[in-house]
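Residues in the sequence shown are numbered from 1 upward in steps of one, following my numbering. One structure below.
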Amino acid sequence: MTRALIILLALLIDLAFGDPPNHFHPLLLMGKWLNRGRRLAPTRQRFWFGVAWTLAGGLLFALPFWKAEDRRWKIEDGRWVRSKGNSTSKNLPTPYSLLLTPFFLKPVFAYRNLRRAVLSVGEALAREDLAEARRRLSWHLVSRNTGDLSAAEVAGAAIESLAENLTDSLTAPLLAYAGGGLRAAWAYRFINTADAMWGYRTPEFEQLGKFPARLDDVLNWLPARLTGWLLVAAAWLTGENAANAARTMLADHNRTASPNSGWTMSAMAGALEVTLDKRGVYQLTGGQGRLDVTTLKRAVRVADVGAGLIVTVAILTALVVQGKK
Numbered sequence: 001m002t003r004a005l006i007i008l009l010a011l012l013i014d015l016a017f018g019d020p021p022n023h024f025h026p027l028l029l030m031g032k033w034l035n036r037g038r039r040l041a042p043t044r045q046r047f048w049f050g051v052a053w054t055l056a057g058g059l060l061f062a063l064p065f066w067k068a069e070d071r072r073w074k075i076e077d078g079r080w081v082r083s084k085g086n087s088t089s090k091n092l093p094t095p096y097s098l099l100l101t102p103f104f105l106k107p108v109f110a111y112r113n114l115r116r117a118v119l120s121v122g123e124a125l126a127r128e129d130l131a132e133a134r135r136r137l138s139w140h141l142v143s144r145n146t147g148d149l150s151a152a153e154v155a156g157a158a159i160e161s162l163a164e165n166l167t168d169s170l171t172a173p174l175l176a177y178a179g180g181g182l183r184a185a186w187a188y189r190f191i192n193t194a195d196a197m198w199g200y201r202t203p204e205f206e207q208l209g210k211f212p213a214r215l216d217d218v219l220n221w222l223p224a225r226l227t228g229w230l231l232v233a234a235a236w237l238t239g240e241n242a243a244n245a246a247r248t249m250l251a252d253h254n255r256t257a258s259p260n261s262g263w264t265m266s267a268m269a270g271a272l273e274v275t276l277d278k279r280g281v282y283q284l285t286g287g288q289g290r291l292d293v294t295t296l297k298r299a300v301r302v303a304d305v306g307a308g309l310i311v312t313v314a315i316l317t318a319l320v321v322q323g324k325k
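Next comes the structure, spelled out in structure tokens:
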């Protein structure tokens with residue numbers, strides 16, 4: 001049950017403190033690795049360079065944790081000692097591992113900061129400060145141009161980002177940790193970061209970022225669908241329209257360019273009975289409800305319950321995986 005307990009402790013750290021400042025965040029090292037790769041990438045064979053640089057980076061960030069959880073311990077004469085051979089200690093955690101491992105897990109997932117970013121957009125909209133709402137949206141949540149978005153479009157974009165990011169900010173890294181420990185969680189976070197930085201269809205990144213983008217799609221395939229169904233359950237638990245969430249998700253999940261993001265966004269659209277529309281790209285038709293601050297707060301409530309369900313599934317997964325060892 002070590003991983004299950006560590007997930008809980010890491011979640012408490014996230015809820016209490018959120019993420020460290022950007023210049024202290026361990027993920028800054030991933031960004032430096034990827035920026036160096038971008039500068040070193042040759043003009044030819046960029047796809048294969050992207051493959052090699054991505055795999056090397058994933059290994060680099062997983063390697064420090066490769067043997068971290070393979071050690072077995074027992075208490076002997078009142079002291080913690082390494083077990084040898086086939087031990088019955090079942091990965092008994094030392095006080096040190098219980099103290100440190102949650103802090104190594106925390107950087108690969110985030111919920112508090114995502115939630116706060118969405119609510120900060122809502123606060124600006126509540127003050128009818130559309131310019132500030134647009135600024136906060138573009139600064140924290142989306143990469144699209146927000147300069148001409150209406151208040152309803154800003155609220156909708158914040159809801160979309162909240163729903164979409166539940167998968168790669170929470171579900172996928174926690175499931176990776178539950179199934180494979182810190183090495184899997186950090187490898188996943190690197191691949192996801194590589195997709196975020198390189199996964200653009202521009203002359204510079206079309207070939208360079210193709211491999212991490214496709215690999216990220218594969219790694220998020222199950223977490224995205226699981227998160228979508230957990231949002232349906234969260235809609236039911238919060239009194240939103242769960243049946244419409246399921247209908248909209250099944251009907252509209254393939255309207256987005258990504259094979260994964262449509263599952264959670266369409267589930268949220270159906271739960272709130274609203275249409276989430278990105279101009280000229282997709283339209284997820286969950287209903288004709290208003291997109292405003294009240295709807296944004298309802299979305300956060302659904303996401304809060306959904307996050308609780310996600311953590312529960314991750315803990316159960318960890319218990320099952322470690323129970324077999």
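For glycine and all other residues, C-beta sits at the position ideal for the given N, C-alpha and C.
- The segment 186 to 194 and the segment 168 to 176 touch, with three or more beta-carbon pairs separated by less than 8 Å.
- Burial state of tryptophan 198 is buried, judged by a 10 Å Cβ sphere holding 16 or more other Cβ atoms.
- In the structure shown, aspartate 217 adopts helical secondary structure according to DSSP, grouped into three states.
- Beta-bridge pairing by DSSP links aspartate 277 to Gln283.
- In this structure, DSSP gives phenylalanine 205 a state outside helix and strand, which the three-state scheme calls coil.
- Selection Ala233, Gln207 and Glu160 evaluated against tryptophan 48 yields Gln207 as nearest (Cα-Cα).
- Here valine 305 has Ala234, Leu237 and Thr238 as same chain residues with Cβ atoms under 7 Å from its own Cβ, once five neighbours each way along the sequence are excluded.
- Nearest in C-alpha terms to proline 20, of all of Tyr200, Ala124 and Phe109, is Phe109.
- In this chain, the alpha helix (DSSP H) harbouring alanine 133 covers 130 to 140.
- Annotation: tryptophan 221 to glycine 57 spans about 21 Å, alpha carbon to alpha carbon.
- The Cβ neighbour count for histidine 253, taken over all protein chains shown within 10 Å, is at least 16; the residue is labelled buried.
- The C-beta of threonine 202 has fewer than 16 other C-beta atoms within 10 Å across all chains shown, which makes the residue exposed.
- Inclusion of leucine 226 and arginine 255 in the CB contact set at 8 Å is not warranted, their separation being larger than that value.
- Around the beta carbon of asparagine 22, a 10 Å sphere encloses fewer than 16 other beta carbons of the protein chains shown; the residue is thus reported as exposed.
- Contact annotation: valine 293 and alanine 152 have beta-carbon atoms that are not nearer than 8 Å.
- In this structure, leucine 166 and valine 118 do not form a Cβ contact; the two beta carbons are roughly 11 Å apart against a cut-off of 8 Å.
- Judged by their CB atoms, alanine 4 and leucine 319 are nearer to each other than the 8 Å cut-off.
- Our two residues, valine 142 and glycine 156, have alpha carbons roughly 11 Å apart in a direct line.
- For proline 20, there is no enclosing alpha helix (DSSP H), as DSSP gives it neither H nor E.
- Look at the beta carbons and you see the segment 96 to 106 touching the segment 5 to 13: at least three pairs across the two are nearer than 8 Å.
- The C-alpha of leucine 231 lies about 44 Å from the C-alpha of threonine 43.
- Here leucine 170 is not near isoleucine 315, since their CB atoms are 8 Å or more apart.
- Restricting attention to Asn35, Lys67, Trp66 and Phe65, the CA atom closest to the CA of threonine 54 is found in Asn35.
- Distance from the CA of threonine 317 to the CA of glycine 308, rounded to the nearest whole angstrom, comes to 14 Å.
- Contact between proline 212 and alanine 194 holds, since their C-beta atoms are separated by about 4 Å, short of 8 Å.
- Rounded to the nearest angstrom, the Cβ distance from arginine 298 to glutamate 240 is 7 Å, consistent with a contact under 8 Å.
- By the neighbour-count definition (other C-beta atoms within 10 Å, threshold 16), leucine 15 is an exposed residue.
- A direct Cα-Cα distance of roughly 43 Å separates arginine 247 from glycine 37.
- Only residues of its own chain outside the window of five on either side were considered, and among them Val121, Ala124, Leu125 and Val154 have a CB closer than 6 Å to the CB of alanine 133, listed in chain order.
- If you look at asparagine 145, you'll find it isn't in any alpha helix (DSSP H); DSSP assigns it neither H nor E.
- Taking the Cα of alanine 267 as reference, the smallest distance to any Cα among Val313, Tyr200, Trp229 and Ala257 is reached at Trp229.
- Annotated as proximal: alanine 172 and leucine 219, with beta-carbon spacing under 8 Å.
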